[in-house]
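Chains as they are written, first to last, in our numbering: chain S, 1 to 190; chain H, 191 to 489.
Have a look at the structure below before the remarks.
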């Protein structure tokens with residue numbers, strides 16, 4: 001369309017604002033700083049608002065907003081960490097394990113988030129986009145500008161690392177014992 | 191982990207596909223192969239179950255985080271105060287836009303003169319300005335029309351009255367509003383068909399929403415929401431017409447025509463891609479039955 005669409009602020013709000021929580025959650029987990037995450041999300045909406053005349057109704061607004069978020073996070077990292085390029089993380093200790101420790105059933109949210117925060121950013125990114133936001137591999141590949149095969153390998157490596165970290169948190173806090181206590185409590189209630 | 195099973199060729203072959211299997215990203219045949227293996231291998235079934243549990247743990251922990259209220263407020267403030275940069279368009283587009291504005295201005299002046307010659311345009315309400323507050327109240331209805339009917343493209347689907355009635359999920363109209371569906375249908379006759387009726391949430395606000403379509407891609411929404419300190423009368427709005435004594439207010443926002451009326455606790459909207467008079471016709475036909483329905487709920 002030569003002139004783009006006429007932009008209505010009501011239309012933009014209706015389309016874009018429902019994704020605010022999802023964008024904020026992802027930003028917090030990517031930069032691990034709620035204040036920075038707020039600034040990033042504001043920046044995302046500002047960019048989206050400026051470019052909204054090019055947005056085609058009916059196309060995936062959520063994926064579009066997340067792509068802007070990913071770019072903003074990259075700018076943020078370049079600004080603060082002078083990271084010119086992020087090399088693919090080296091194989092971690094967790095990935096070298098030949099077995100997969102069982103994933104604990106009862107963990108506090110804080111423990112899950114702490115374990116997730118320890119996963120390298122490029123893996124954490126795909127875990128958040130696939131497992132939390134439920135984007136398809138193709139959508140994630142487009143957002144990150146990488147091939148689908150790389151999405152799959154990052155996801156697989158990231159999940160494996162996360163699994164080991166979760167098991168470590170569970171062992172450190174005696175989650176096995178907690179599970180049994182909760183089970184017995186539930187049976188008393190019944 | 192059973193080392194015998196781990197060395198089994200079938201496990202080795204299946205495990206690299208576990209993540210894509212969980213994410214429903216495998217071709218059908220491969221998905222079935224993995225599924226068959228899991229049925230016969232307890233170890234792999236346990237591994238897969240663990241990975242699935244991990245997905246749920248992460249999703250549940252991350253989604254508990256909510257954006258702070260001040261962020262929502264700051265964004266809304268920015269939407270209202272900022273407009274997209276005019277220079278976001280390139281020069282060629284800018285020139286095209288300027289030319290289009292000029293043509294429209296000339297056409298507008300010509301149309302006004304023609305109206306006067308022909309005796310049209312006597313209706314003062316055509317030139318009536320609508321205050322920002324009234325625009326804001328009317329936009330509440332537009333938001334839901336855009337959210338469900340247009341952007342989610344529900345106008346293209348068809349949900350029968352039986353299906354609307356049988357809905358028991360959160361989106362059900364429920365006993366309070368289900369009777370509106372046949373009432374609206376019979377009032378508008380064969381010109382419009384009700385293609386959806388549901389309860390929905392947009393911008394943290396709950397709506398009752400009936401979507402109707404007519405010939406030539408006419409899309410009409412009847413939207414009802416509880417008042418949140420909004421009132422046309424308190425906003426000193428000027429009604430463009432009355433239907434059975436019920437004042438109706440209107441505005442055009444972009445390509446959408448919005449007509450609204452209120453009861454004590456609710457505001458109802460008719461939002462459409464019709465012209466001003468046609469939209470007001472629909473609103474004036476529906477206002478008495480909708481108002482009576484809402485009044486019954488209030489007492």
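We put the beta carbon where it would ideally sit given N, CA and C, even for glycine.
Residue contact with chain S for residue 245 (chain H): present (Cβ-Cβ distance below 7 Å to some residue of chain S). Note on geometry: alpha-carbon atoms of residue 60 (chain S) and residue 332 (chain H) lie some 20 Å from one another.
Taking each of S:112, S:153, S:49 and S:155 in turn and checking the Cα distance to residue 165 (chain S), the smallest one comes out for S:112.
Looking only at H:363, H:420 and H:336, the smallest Cα-Cα distance to residue 456 (chain H) is reached by H:420.
For residue 221 (chain H), the closest Cβ of chain S is not nearer than 7 Å. Secondary structure in the stretch 329-395 of chain H: the alpha helix (DSSP H) runs of 4 residues or longer, each lying completely within the stretch, are 351-356, 364-367 and 370-378 in chain order.
With contacts defined as CB atoms closer than 7 Å, residue 371 (chain H) and residue 387 (chain H) qualify as a contacting pair. Cβ neighbours of residue 393 (chain H) within its own chain (closer than 7 Å, five residues either side excluded): 333. Here the alpha carbons of residue 10 (chain S) and residue 160 (chain S) stand approximately 44 Å from one another. Among the residues of chain H, those whose CB is under 8 Å from the CB of residue 105 (chain S) are 243, following chain order.
Using a Cβ-Cβ cut-off of 7 Å, residue 341 (chain H) counts as an interface residue toward chain S, since at least one Cβ of chain S sits closer than that to its own. Contact note: residue 20 (chain S) reaches chain H through 257, 261, 262 and 265, using a C-beta cutoff of 9 Å and chain order.
Straight-line measurement puts the Cα of residue 158 (chain S) at about 7 Å from the Cα of residue 124 (chain S).
At a cut-off of 7 Å between beta carbons, residue 131 (chain S) contacts chain H. Taking a C-beta cut-off of 9 Å against chain S, none of the residues of the stretch 453-479 of chain H qualify.
The criterion of a C-beta distance shorter than 7 Å is satisfied by residue 37 (chain S) and residue 28 (chain S).
Counting only the Cα atoms, residue 147 (chain S) lies some 33 Å from residue 230 (chain H). Listed along chain S is no residue with a C-beta nearer than 7 Å to that of residue 413 (chain H); the closest approach is about 12 Å. In this structure, the beta-carbon distance from residue 458 (chain H) to residue 472 (chain H) does not fall below 7 Å.
Under the Cβ distance rule, residue 249 (chain H) counts among the residues neighbouring chain S, one pair being separated by less than 7 Å.
Residue 68 (chain S) sits close to residue 48 (chain S), with the two beta carbons spaced by under 7 Å. Residue 138 (chain S) and residue 485 (chain H) have their C-alpha atoms roughly 51 Å apart. Taking 9 Å as the Cβ-Cβ cut-off, the stretch 48-68 of chain S approaches chain H at 49, 50, 51, 52, 53, 54, 57, 58 and 61, given in chain order.
Residue contact check for residue 43 (chain S) against chain H: no CB pair falls below 7 Å. Nearest in C-alpha terms to residue 233 (chain H), of all of H:330, H:360 and H:204, is H:204.
For residue 240 (chain H) and residue 52 (chain S), the gap between their C-alpha atoms comes out near 41 Å. Residue state for residue 160 (chain S) is assigned as helix, using DSSP reduced to three classes.
Residue 330 (chain H) and residue 415 (chain H) do touch by the CB rule: their CB atoms are close to 6 Å apart, below 8 Å. By the Cβ neighbour-count rule, residue 351 (chain H) is exposed, with fewer than 16 other Cβ atoms within 10 Å of its own. Taking C-beta separations shorter than 6 Å and ignoring five residues to either side along the sequence, the partners of residue 235 (chain H) in its chain run 228, following chain order. By the rule that beta-carbons nearer than 7 Å mark a contact, residue 233 (chain H) does not touch chain S. Taking C-alpha positions only, residue 265 (chain H) is separated from residue 222 (chain H) by approximately 47 Å. The beta carbons of residue 126 (chain S) and residue 155 (chain S) sit closer together than 7 Å. In the three-state reduction of the DSSP assignment, residue 269 (chain H) falls in the helix class, which pools H, G and I. Shown here, residue 213 (chain H) sits in coil according to DSSP, grouped into three states, outside any helix or strand. Contact of residue 151 (chain S) with chain H is not assigned, every C-beta pair being separated by 7 Å or more.
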